[in-house]
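Q: Quick note: the numbering used here has the sequence shown finishing at residue 163, numbered continuously throughout.
Note that the Cβ used here is the ideal one computed from N, Cα and C, for glycine as well.
These figures come from a predicted structure and were not determined experimentally.
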Amino acid sequence: MKIRQCFMGVFLLLFCAVLTGMSPVECRGKSSEAAPVQMEWKGNISNQKEPFIKIVETREAWNDLWLSAFEKPAPDIDFDRCVVACVFLGHQADWLYSIGFAEPVPRGDVWVISYGLAEIVLDLAKPFKASGQYAMKVFSRHKDAKMILEEFPESARRR
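Structure (structure tokens):
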């Protein structure tokens, strides 16, 4: 079982590494130059105590999230052209994970952005204490289609 979990963790990390080499999207705010940008944020500390796993589609929701999670203004995103996939594990997370996103794929009349969790191997001297781990990534918006976020079935989350 440990070998399978280790294999899945390595697979997800490699899969995420391949995806980060994909072409960037143009999603800077209208006041910035329209240059391709790969926008992604990851970290282990946030004020987001409860899990928050959603696609953010509006400037208002984006600003609210940044103010509550980080107590600072949100980066400028053009929500006419982009959305942000957000995975906050909250302060009740059972372990430290690497969080990765796949590119959107169509499924019927919706676009699905999958995310995966790969368990990070730690040798701890005391019990693990979550402190708001998160990952957020900007994706091009698909007009006239709903976008959803779901976890990979093979995600290496502790069960």
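1. May I ask which residues mark the beginning and end of the alpha helix (DSSP H) holding residue 72?
2. Between the alpha carbons of residue 80 and residue 58, how many angstroms are there, rounded?
3. What does DSSP give as the partner residues of residue 110 in its beta bridges?
4. For residue 144, name the three-state secondary structure that DSSP assigns.
5. Could you name the residues that DSSP lists as bridge partners for residue 102?
6. Roughly how many angstroms separate the alpha carbons of residue 26 and residue 42, rounded to a whole number?
7. Mind the definition here: the segment 134-145 touches the segment 91-105 only if three or more C-beta pairs lie below 8 Å; say whether that holds.
8. Can you tell me whether residue 53 is helix, strand or coil according to DSSP?
9. With distances taken between CB atoms, is the gap from residue 147 to residue 114 smaller than 8 Å?
A: In short:
1. As a first step, residue 72 is located in the sequence shown; it is residue number 68 there, counting from the start. Note, residue 72: alpha helix (DSSP H), 63-74.
2. Sequence index remark: in the sequence shown, residue 80 carries index 76 (1-based). Sequence index remark: in the sequence shown, residue 58 carries index 54 (1-based). Roughly 18 Å separates the two Cα atoms.
3. In the sequence shown, counting from the first residue as 1, residue 110 sits at position 106. In DSSP, residue 110 forms a bridge with 115.
4. Within the sequence shown, numbered from 1, the residue matching residue 144 stands at position 140. Strand, per DSSP.
5. By 1-based counting over the sequence shown, the position of residue 102 is 98. Residue 102 is bridged to 122.
6. Residue numbering aside, residue 26 sits at position 22 when the sequence shown is read from its first letter. Residue numbering aside, residue 42 sits at position 38 when the sequence shown is read from its first letter. The predicted position of residue 26 is uncertain, since its pLDDT is 40 and thus under 50; no value can be drawn from it.
7. yes
8. Sequence index remark: in the sequence shown, residue 53 carries index 49 (1-based). Residue 53: coil per DSSP, three-state reduction.
9. As a working note, residue 147 is residue 143 in the sequence shown. As a working note, residue 114 is residue 110 in the sequence shown. Residue 147 places its beta carbon 8 Å or farther from that of residue 114.
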